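Right, one structure below, let's go through it.
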Amino acid sequence: MHVKNGIVVRVETDHTQEDALGIQQIRACLRGRGIRKWIYSPERLLYPMKRIGKRGEGKFARITWNQAFDLIASKLKTIIDQYGNEAIYRNYGTGNLGGVVSHHNQIEKLMNVLGGKLNYHNSYSTAQIFQAMTYLYGKNNTGNYISDIVNSKLVVLFGNNTAETRMSGGGTIRDLVLAKKDSKAKVIVIDPLYTDTAAGFADEWIPIKPGTDAALAAGLAHVLIMNDMVDIEFLNRYTLGYDKSTMPEDIPKGYSYKDYILGFGEDTTPKTPEWAAAITGIPAKRIVKLAYEIGSIKPVYVAQGWGPQRHANGEQTARAICMLPILTGNVGIKGGNSGDREASFGIDWPGISVGENPIKTSIPCFLWTKAIENPTDFTALNSGLRGKKHLEVPIKFMWCFASNALINQHSDINHTHEILQDESKCEMIVLIENVMSTSAKYADILLPGTSSFEERDLAYQGYAVEMGALMIREKAIEPMGECRTLFDICAGIARKMGKEKDFSNGLDHDQWVEEMYHQCRKIKPQLPEDFSKALEKGLYKWPRSGKSFVGLASFRKNPEKYPLNTPSGKIEIFSRLLWQMAQTWQLPEGDSIRALPEYTSSWGIPGKKDAVLYPLQLVGHHFKQRTHSTYGNNEWLNEASPQTLWINSLDATPRGIEHGDLVKVFNDIGATLVRAKVTPRIMPGVMSLPQGAWYKPDKEGIDQGGCINTLTSQRPSPIAKGNPQHTNLVQVVKEKQTHD
Amino acid sequence: MIKTPAFFIDMQICTGCKTCMVACKDKNDLDSGLRWRRVYEFSGGDWVKADDGTFTQDVFAYYISMGCNHCQDPACVEACPSCAMHRNESGIVLIDSKKCVGCRYCEWACPYSAPQFDYANGIMTKCDFCQSQIQEGREPCCVEACPTHALLFGDYDELIALHGKKAIIAPLPPPEITCPNLVIAPPKQAKSTENTNGLIQNPEEVKDE
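Residue numbers (the working numbering), protein chains in the order written: chain A, 1 to 740; chain B, 1001 to 1209.
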């Protein structure tokens, strides 16, 4: 940061340190380079406020910090007295994960000091795949490093657009760039979009209809099985449920994976390439060829990103993709991969210790609106509640820190808006933010937090890099206006509740930074003892160990000695846990839980009757302009990459839509206006509205901002109860021409 | 000091992320509309739907980052009626803002859209190769910013000796017009300048409206 007279005038990042695979320069992406427009945004929050209009109107009155703390503390006491601590919740939010002291864990600690609060599980990023992998492999993060593609003969990526989701110089994209140079492997990307990753690095793009990857996997499996390209020794030794020889004895005949693929199962349908072609939109000939490509050489690196799983049938998709490396014995070997997302290396740095939450009840993070609106129908068997059979109290008090999931990033904005309008339901929302985000407008008490550049803190390597890093950040400028750090905010509330010492342990924000630094030194003792020296240097890096990392390697070497954490200790192609859940869980009509990684069609996937009214599939890919919704108001980034609707000319032309036209995208859930990007880079029948654009309703409540969550459903996925935000059916019409 | 400063783009590893563009705006404090560096998205190809509802296609796409190429025969200099636009002894094409009358002839003449009109001040502006920075022995800001190290900087003749390719791929104009100090390692999908199947997909991101 170049600072003149207390103002940041220029940003520079790591372009001087050594640079090679494993110790690359952590060069910022465009979002970091444009950060001045965030720090000095005209929408920066500068003092505490309380709401005076309706939720969402954005009308606030300035108050003092002392008044804010009084209001919050007194409401906390009332809610705890009347409903208990379980009525208090912190909403999911990832707008500031970089800080160690300025981390949402401070709210966890504060609430633990005050008797606890309702927990959540899952994430909006990975709900379906993380749960799916535990049934299949007994754990998550089972992949090899992306750099392991130097050892592969073929790379097949499902989704996985690292060029836009891990795009900094310290991100996976750089690992991919460097590894691709040394790799002779052909790279195939399977994605509804010709993404920047596909355009830049793939030798071939195979477009696929969203939500149908599991059908492709089944079609490929059919060819592999029929043509003896499966690794039967691997399947017999390491897996459960491929054919009758490894099926549990008490399960009736016809439920093995091979039965399903060959048509001897319940549905009596062989999963031929022609069957898969009709569902996926991929020609049968190409499916056969792909099966031969995968089945005839080794090792093959099959990996998936997190897009394919963010669907109504996402748990099935995630497991089905893994069947390709499982059938061909590419799991746990150099140059292979489990079918999971690529692994990343990181040092296991310490976080703030938050103490013990006496409350064990936990909701899926996607179902917080249901926990406000319909708590009496919120059970373990119908909503994935953990720790209790049914929810006993509704959410009455919500914390939101760096979270735009209160409205913008949660599905079905119109319905969420309605729920939040009723102030007798969730009685208080306290929101801590840098800018007047869409969610900030729904806060009852709105508190201005310091940006990362106005506070001293530590930051660790992200998970998207093959390198360990510790950043010791000095603040570049003084806090804007009356902004305070999250720690100071929580300490102020703890003081009002008579628990300040319990919360702060007698330290202030900066002392906590130093304390955490010394905890880091226990892991890396070569860090200087003198904190001020470390602060001066600022950035320390540790390359990953020289050898490429292979996920599940010890299991592959000796499955008896190193069994997986599944009930059988093996890879569970057939999951008995899911078999049981299918019989006990209560699901809405049309949803299903299957023991096998079958393709299950779903609401929101064409083929159902609603597809007549809404014939187009809509996904929301991650987009370089923003990190989710963060920086959605940055004028430089909006200039570089404006929000547009990706639409193929085969869909645009019959509707009279030309590039740059303002169009309306709509379904029964809502509508949004946005400019069209008519491009061959998306499959016909599919459109993409990059997720995270800020919701901007006009007087009639029609969004002018191109925000996809005006169109997404709150109906969760069957197993994880995760957010299926890529499963949408919509229609599009021209609103008006470019220049009229 | 480098004899003839030039940009090199390894288009096989450029992801079109636009970090170069934003880093340039930050360093030079450029308001919206002033794009000393722009990133063109060039794409094309056809889709065919078969009777069974499946699709085949031959779609291609690549990005090309453009600042000023500080041409050896700069069209902007030739077009400038007030002698504001000039090429200095270091090979950098610059505008003397005192002489600029804001007629915008340079903007029309430049085949790369490098000169950018500053509406607020009524004069042209453009990339100055970060001359103060390169005089210190550093690289231009956009080069130092590139996350994948696709955008590089060096002497034109040395870059040609190393890479041997001239800037001749679509959607760039033929290099004979201005002799740009730009060297490109073309992407796998590179199309020739005569290509008619591809289009600049993001006109609103690169053109003054």
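Built from N, CA and C at the ideal position, the CB exists for glycine as well.
Quick caveat, the model's predicted, so the values are computed rather than measured.
Coarse secondary structure for residue i, derived from DSSP in three states
i, result
"histidine 628 of chain A", "coil"
"valine 150 of chain A", "helix"
"aspartate 740 of chain A", "The predicted position of aspartate 740 of chain A is uncertain, since its pLDDT is 44 and thus under 50; no value can be drawn from it."
"isoleucine 129 of chain A", "helix"
"alanine 1061 of chain B", "strand"
"glycine 492 of chain A", "helix"
"threonine 672 of chain A", "strand"
"methionine 436 of chain A", "coil"
"glutamate 572 of chain A", "strand"
"tryptophan 957 of chain B", "No answer is possible for residue 957 of chain B: it lies beyond the span of chain B, which begins at 1001 and ends at 1209."
"methionine 1124 of chain B", "strand"
Residue i to residue j span [Cα, whole Å]
i, j, result
"phenylalanine 264 of chain A", "proline 270 of chain A", "8 Å"
"aspartate 213 of chain A", "leucine 420 of chain A", "36 Å"
"isoleucine 1168 of chain B", "glutamine 704 of chain A", "41 Å"
"histidine 621 of chain A", "tyrosine 124 of chain A", "14 Å"
"glutamate 455 of chain A", "arginine 521 of chain A", "21 Å"
"aspartate 231 of chain A", "asparagine 112 of chain A", "51 Å"
"asparagine 1181 of chain B", "aspartate 1026 of chain B", "24 Å"
"histidine 103 of chain A", "isoleucine 413 of chain A", "27 Å"
"glutamine 731 of chain A", "leucine 114 of chain A", "49 Å"
"valine 435 of chain A", "glycine 481 of chain A", "12 Å"
"threonine 727 of chain A", "isoleucine 682 of chain A", "16 Å"
"tryptophan 368 of chain A", "glutamate 427 of chain A", "14 Å"
"isoleucine 477 of chain A", "phenylalanine 453 of chain A", "6 Å"
"isoleucine 208 of chain A", "glycine 590 of chain A", "23 Å"
"histidine 15 of chain A", "threonine 64 of chain A", "43 Å"
"proline 1140 of chain B", "arginine 386 of chain A", "55 Å"
"proline 1171 of chain B", "valine 1039 of chain B", "12 Å"
"isoleucine 445 of chain A", "serine 41 of chain A", "21 Å"
"valine 631 of chain A", "threonine 246 of chain A", "In the sequence under discussion, the amino acid at residue 631 of chain A is tyrosine, which differs from the valine named in the question. Their backbone Cα atoms lie some 51 Å apart in a straight line."
"glycine 171 of chain A", "glutamate 86 of chain A", "38 Å"
Where residue i meets chain A, residues with beta-carbon distance less than 8 Å
i, result
"phenylalanine 1007 of chain B", "Going along chain A, no residue has its Cβ under 8 Å from phenylalanine 1007 of chain B, so there is no contact; the nearest lies around 16 Å."
Cβ-Cβ distance between residue i and residue j below 7 Å
i, j, result
"glycine 449 of chain A", "isoleucine 472 of chain A", "no"
"leucine 771 of chain A", "alanine 179 of chain A", "Because chain A in this structure spans residues 1 to 740, residue 771 of chain A falls outside the shown range and cannot be described."
"alanine 1061 of chain B", "alanine 199 of chain A", "yes"
"serine 8 of chain A", "arginine 36 of chain A", "For the sequence presented, residue 8 of chain A should be read as valine rather than serine. Against a cut-off of 7 Å, the Cβ pair of arginine 36 of chain A and valine 8 of chain A comes out as a contact."
"phenylalanine 549 of chain A", "alanine 343 of chain A", "yes"
"serine 1043 of chain B", "glutamine 1201 of chain B", "yes"
"proline 1111 of chain B", "proline 1173 of chain B", "yes"
"leucine 224 of chain A", "alanine 277 of chain A", "no"
"asparagine 160 of chain A", "glycine 384 of chain A", "no"
"phenylalanine 574 of chain A", "glycine 34 of chain A", "no"
"isoleucine 749 of chain A", "proline 299 of chain A", "Residue 749 of chain A falls outside the range modelled here, since chain A spans only 1 to 740, and no answer is possible."
Beta-bridge partners of residue i, as assigned by DSSP
i, result
"glutamate 466 of chain A", "A/Phe345"
"glutamate 418 of chain A", "Glutamate 418 of chain A pairs with nothing; no bridge assigned."
"lysine 4 of chain A", "A/Ile7"
"isoleucine 1200 of chain B", "B/Phe1042"
"phenylalanine 60 of chain A", "A/Arg51"
"serine 601 of chain A", "Its beta-bridge partners do not exist; DSSP assigns none."
"asparagine 119 of chain A", "A/Ser362"
"cysteine 400 of chain A", "A/Leu431"
"tyrosine 89 of chain A", "A/Leu118, A/Met398"
"valine 742 of chain A", "Since the displayed chain A opens at 1 and closes at 740, residue 742 of chain A lies outside it and no answer follows."
"arginine 484 of chain A", "A/Gly449"
"glutamine 304 of chain A", "A/Phe158"
"histidine 390 of chain A", "A/Thr379"
Neighbour flag for residue i against chain D, beta carbons, 7 Å
i, result
"serine 1090 of chain B", "The structure shown contains no chain D; its protein chains are A and B."
Beta-carbon neighbours of residue i, restricted to chain B and to distances below 8 Å
i, result
"cysteine 29 of chain A", "Cys1017, Thr1019, Pro1147"
Residues that residue i contacts on chain A, provided the C-beta gap is smaller than 7 Å
i, result
"threonine 1056 of chain B", "Pro283"
"glutamate 1144 of chain B", "His15"
"tyrosine 1062 of chain B", "Ala199"
Under 9 Å from the C-beta of residue i: neighbouring residues of chain B
i, result
"valine 11 of chain A", "Ala1023, Asp1026, Lys1027"
Within chain B, partners of residue i - CB distance below 7 Å
i, result
"alanine 278 of chain A", "Asp1052, Gly1053"
"serine 168 of chain A", "Pro1147"
Closer than 9 Å at the beta carbon, the chain A residues around residue i
i, result
"glutamine 1201 of chain B", "His659, Lys677, Val678, Thr679, Pro680, Arg681"
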